[in-house]
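A short write-up of the structure that comes next.
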Amino acid sequence: MIWNESIECMDREGLRKIQSIRLKKMVEYVYHNTPFYRKKMQELGLTPDDINGIEDITKLPFTTKTDLRDNYPFGLCAVPMSQIVRIHGSSGTTGKPTVVGYTRKDLSLWTECLSRCFTAYGADNRDIFQIAYGYGLFTGGLGAHYGAENIGASVIPMSSGNTSKQIQLMHDFGTTVLCCTPSYALFIADAIKDSGIPREDFKLKAGVFGAEPWTENMRKEIEEKLAIKAYDIYGLSEISGPGVGFECEHQNGTHLNEDHFFPEIVDPHTLQPVEPGQQGELVFTHLTKEGMPLLRYRTKDLTALHYEKCECGRTLVRMERILGRSDDMLIIRGVNVFPTQIESVILELPEFEPHYLLTVDRVNNTDTMELKVEVRPEFYSDEINKMLALKKKISSRLQSVLGLGVEVKLVEPRSIERSVGKAKRVIDNRKM
Amino acid sequence: MITKQLSIFLENKFGRLTEVTELLAKEGINLSALCIAENADFGILRSIVSDPDRAYKVLKENHFAVNITDVVGINCPNVPGALAKVLNYLSEAGVFIEYMYSFANNDSANVIIRPSDLETCIKVLTEKKVELLAASDLYRL
Numbered sequence: 003m004i005w006n007e008s009i010e011c012m013d014r015e016g017l018r019k020i021q022s023i024r025l026k027k028m029v030e031y032v033y034h035n036t037p038f039y040r041k042k043m044q045e046l047g048l049t050p051d052d053i054n055g056i057e058d059i060t061k062l063p064f065t066t067k068t069d070l071r072d073n074y075p076f077g078l079c080a081v082p083m084s085q086i087v088r089i090h091g092s093s094g095t096t097g098k099p100t101v102v103g104y105t106r107k108d109l110s111l112w113t114e115c116l117s118r119c120f121t122a123y124g125a126d127n128r129d130i131f132q133i134a135y136g137y138g139l140f141t142g143g144l145g146a147h148y149g150a151e152n153i154g155a156s157v158i159p160m161s162s163g164n165t166s167k168q169i170q171l172m173h174d175f176g177t178t179v180l181c182c183t184p185s186y187a188l189f190i191a192d193a194i195k196d197s198g199i200p201r202e203d204f205k206l207k208a209g210v211f212g213a214e215p216w217t218e219n220m221r222k223e224i225e226e227k228l229a230i231k232a233y234d235i236y237g238l239s240e241i242s243g244p245g246v247g248f249e250c251e252h253q254n255g256t257h258l259n260e261d262h263f264f265p266e267i268v269d270p271h272t273l274q275p276v277e278p279g280q281q282g283e284l285v286f287t288h289l290t291k292e293g294m295p296l297l298r299y300r301t302k303d304l305t306a307l308h309y310e311k312c313e314c315g316r317t318l319v320r321m322e323r324i325l326g327r328s329d330d331m332l333i334i335r336g337v338n339v340f341p342t343q344i345e346s347v348i349l350e351l352p353e354f355e356p357h358y359l360l361t362v363d364r365v366n367n368t369d370t371m372e373l374k375v376e377v378r379p380e381f382y383s384d385e386i387n388k389m390l391a392l393k394k395k396i397s398s399r400l401q402s403v404l405g406l407g408v409e410v411k412l413v414e415p416r417s418i419e420r421s422v423g424k425a426k427r428v429i430d431n432r433k434m
Numbered sequence: 057m058i059t060k061q062l063s064i065f066l067e068n069k070f071g072r073l074t075e076v077t078e079l080l081a082k083e084g085i086n087l088s089a090l091c092i093a094e095n096a097d098f099g100i101l102r103s104i105v106s107d108p109d110r111a112y113k114v115l116k117e118n119h120f121a122v123n124i125t126d127v128v129g130i131n132c133p134n135v136p137g138a139l140a141k142v143l144n145y146l147s148e149a150g151v152f153i154e155y156m157y158s159f160a161n162n163d164s165a166n167v168i169i170r171p172s173d174l175e176t177c178i179k180v181l182t183e184k185k186v187e188l189l190a191a192s193d194l195y196r197l
């Protein structure tokens with residue numbers, strides 16, 4: 003099923019025309035409403051008149067997460083706050099989350115994008131959606147919520163956690179579509195098995211999984227364990243949240259809603275566009291956003307784009323599975339974690355040496371983080387309690403900065419490798 | 057009366073304790089008393105040695121997390137109730153015991169106490185005529 007056939011299946015030439023018209027309008031809009039972009043464009047000697055079509059996009063300046071932080075919280079908004087009706091933030095970044103403001107129109111376009119996703123997964127108004135993404139600053143919960151309501155489905159706003167309740171309601175209410183992170187889906191699958199309730203007593207048929215990278219193997223595992231069809235949903239809060247892209251029933255790449263978010267792939271080093279089908283860093287330009295439109299936002303996600311028409315009939319470009327990151331960001335249980343955040347916590351606590359080793363793993367389908375740190379010589383105590391208090395101090399600080407639990411291990415002096423160059427601070431043992 | 061105890065932080069891994077004892081042996085430092093407190097990740101080795109200052113230096117040079125902690129050593133009769141009596145004196149004086157270790161040999165037992173308040177502890181025990189052990193004696197044991 004296709005939600006918006008005229009757009010999703012439009013011939014590429016027509017789509018390009020729409021993108022061209024929208025880009026031109028957008029550049030004019032940000033030039034006059036976002037001082038940040040006006041300044042950037044002026045520095046490049048650009049005026050809106052230089053942008054006459056989508057092919058001119060490469061003339062425009064890039065935007066990075068650092069730009070968002072530098073303009074925290076609302077510096078990149080193109081509208082006065084009176085027009086912002088919703089504020090979301092990216093999950094877990096040092097002190098300052100990356101903030102995104104939405105106008106009423108932004109929310110309705112986001113909902114449109116999610117309606118396309120859910121329809122592609124075969125869902126409609128007869129379905130019962132269980133949203134087990136976190137509700138809150140994180141875009142997952144509310145994003146999926148409004149999309150599912152928009153297609154007329156019945157929505158259970160569960161949020162994440164409380165697995166036994168998830169399973170009980172899934173069973174009692176007859177949930178047909180589950181939305182959560184893929185690792186939580188596996189966790190739920192195991193919990194259902196442990197509950198002893200037979201699978202045939204559940205009506206679950208499909209799952210909408212995203213917010214963290216996952217593999218084909220994980221898909222197979224989820225599909226086997228839950229006996230459902232598992233679909234990928236792609237998104238990032240800076241661009242809108244979930245629903246930037248989605249899989250169709252052929253699961254041959256993730257279709258991007260490119261009439262709203264124009265995707266490019268660039269070489270992460272030279273920042274030059276690569277040939278279609280080549281791998282590089284994914285970059286998005288908002289074509290329709292009002293609240294906080296971004297030009298050429300560098301996602302740091304590495305992937306490739308394919309422009310051939312899909313068997314499903316859609317002409318929307320297809321993105322390959324995310325192959326990795328061009329920066330050191332980790333996605334832990336759906337939360338973005340930068341090693342620099344951990345570093346900043348350690349540096350602000352005088353009891354610890356500025357050396358650490360973070361080991362990421364996936365145990366029973368849940369991401370785990372173990373942090374080894376050394377205590378400064380003068381803070382070693384002969385009392386266990388005092389040592390445990392030190393451990394508690396750093397773990398609760400990490401918890402509040404990252405929004406995630408970290409298993410802290412105090413280690414002996416000099417047991418963490420010192421290095422003059424770029425030290426290996428993170429070991430990711432997850433099989434991606 | 058105040059005895060210097062070495063406290064060494066050790067990760068829970070094979071051979072670590074051996075390394076400490078071998079290092080001290082090489083330096084001709086003898087161990088008079090020793091106890092280990094542990095939890096899931098690490099242990100703290102507490103020890104009375106023949107030359108605490110030199111042992112500290114040697115361990116430090118070898119990058120061990122070592123501290124010197126002041127403790128009190130007493131000798132009490134190896135009979136029922138003897139320790140209870142001593143502990144009673146301390147709790148009445150409001151002295152808390154962080155940890156202690158002890159071993160009896162024939163008629164008496166040597167007890168190492170790490171009190172919350174060293175001064176009060178020594179004062180109370182002296183007043184109550186508990187036999188305090190001189191540091192030099194403990195190092196030589």
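The listed protein sequences derive, respectively, from chains A and B.
Numbering-wise, the working numbering comes out as the position in the first sequence, counting from 1, plus 2.
Numbering-wise, the working numbering comes out as the position in the second sequence, counting from 1, plus 56.
A virtual CB, placed ideally from N, CA and C, is assigned to each residue, including glycine.
Since the model is a prediction, treat every value here as computed from it, not as a measurement.
Along the chain, where does the alpha helix (DSSP H) that runs through residue i open and close?
| i | result |
| --- | --- |
| F38/A | P37 to E45 |
| K179/B | L174 to E183 |
| N144/B | A138 to E148 |
| F204/A | Taken as a continuous stretch (DSSP letters only), F204/A belongs to no alpha helix (DSSP H), as it is neither H nor E. |
| D97/B | D97/B -> no alpha helix (DSSP H), and no H or E assigned at all. |
| V444/A | The question about residue 444/A has no answer, for chain A in this structure spans 3 to 434. |
| S383/A | No alpha helix (DSSP H) holds S383/A; DSSP gives it neither H nor E. |
| L194/B | A191 to R196 |
Can you tell me whether residue i is buried or exposed? The criterion is at least 16 other CB atoms within 10 Å of its CB, across all chains shown.
| i | result |
| --- | --- |
| A213/A | buried |
| T95/A | For T95/A, the predicted structure reports a pLDDT of 44, less than 50, and the residue's modelled location is therefore unreliable. The matter cannot be settled from this model. |
| S197/A | exposed |
| L325/A | exposed |
| G163/A | exposed |
| T68/A | exposed |
| V210/A | buried |
| G129/B | buried |
| S117/A | buried |
| F159/B | exposed |
| T1/A | The structure shown has nothing for residue 1/A, since chain A only spans 3 to 434. |
| A193/A | exposed |
| F286/A | buried |
| L46/A | exposed |
| Q274/A | exposed |
| N367/A | buried |
| V347/A | buried |
| Y309/A | exposed |
| M83/A | exposed |
| T182/B | exposed |
| F120/A | buried |
In terms of residues, what are the limits of the beta strand (DSSP E) holding residue i?
| i | result |
| --- | --- |
| H357/A | F354 to V365 |
| C132/B | A121 to P133 |
| F189/A | No beta strand (DSSP E) contains F189/A, which is instead part of the alpha helix (DSSP H) from P184 to S197. |
| I224/A | Not the beta strand (DSSP E): I224/A falls in the alpha helix (DSSP H), residues E218 to L228. |
| E376/A | T368 to V377 |
Which residues does DSSP pair with residue i in a beta bridge?
| i | result |
| --- | --- |
| K113/B | None, per the DSSP bridge assignment. |
| V268/A | P275/A and E283/A |
| H288/A | F263/A |
| C91/B | R102/B |
| V319/A | Paired residue(s): none; V319/A is not in a bridge. |
| A81/B | Note: A81/B sits in no beta bridge, so no partner. |
| S63/B | R102/B and N123/B |
| E313/A | For E313/A, which the question treats as bridged, DSSP gives no partner whatsoever. |
| L304/A | E283/A and G326/A |
Between residue i and residue j, which are expected to be in contact by the criterion C-beta below 8 Å, what is the C-beta distance as a whole number of angstroms?
| i | j | result |
| --- | --- | --- |
| H90/A | L139/A | 6 Å |
| L406/A | L392/A | Not quite, the Cβ-Cβ distance comes to about 20 Å (not below 8 Å), so this is no contact. |
| P265/A | L307/A | 6 Å |
| L101/B | L66/B | 6 Å |
| A191/A | I169/A | Contact flag wrong, Cβ pair sits at about 10 Å. |
| I104/B | I168/B | 7 Å |
| G176/A | I230/A | That belief does not hold up - the Cβ atoms of G176/A and I230/A are roughly 14 Å apart, past 8 Å. |
| D303/A | L284/A | 5 Å |
| A125/A | V87/A | In fact, because the Cβ distance is near 26 Å, the residues do not count as touching under 8 Å. |
>> If we require 4 or more residues per run, which alpha helix (DSSP H) segments fall completely within the segment 385-431 of chain A?
In response: 386-404
> What are the uninterrupted segments assigned as alpha helix (DSSP H) that are 4 or more residues long and contained completely in the segment 38-115 of chain A, given in chain order?
Replying inline: 67-72
> Curious, which full-length beta strand (DSSP E) runs of at least 3 residues does the segment 117-183 of chain A contain?
Replying inline: 130-133, 156-158 and 179-182
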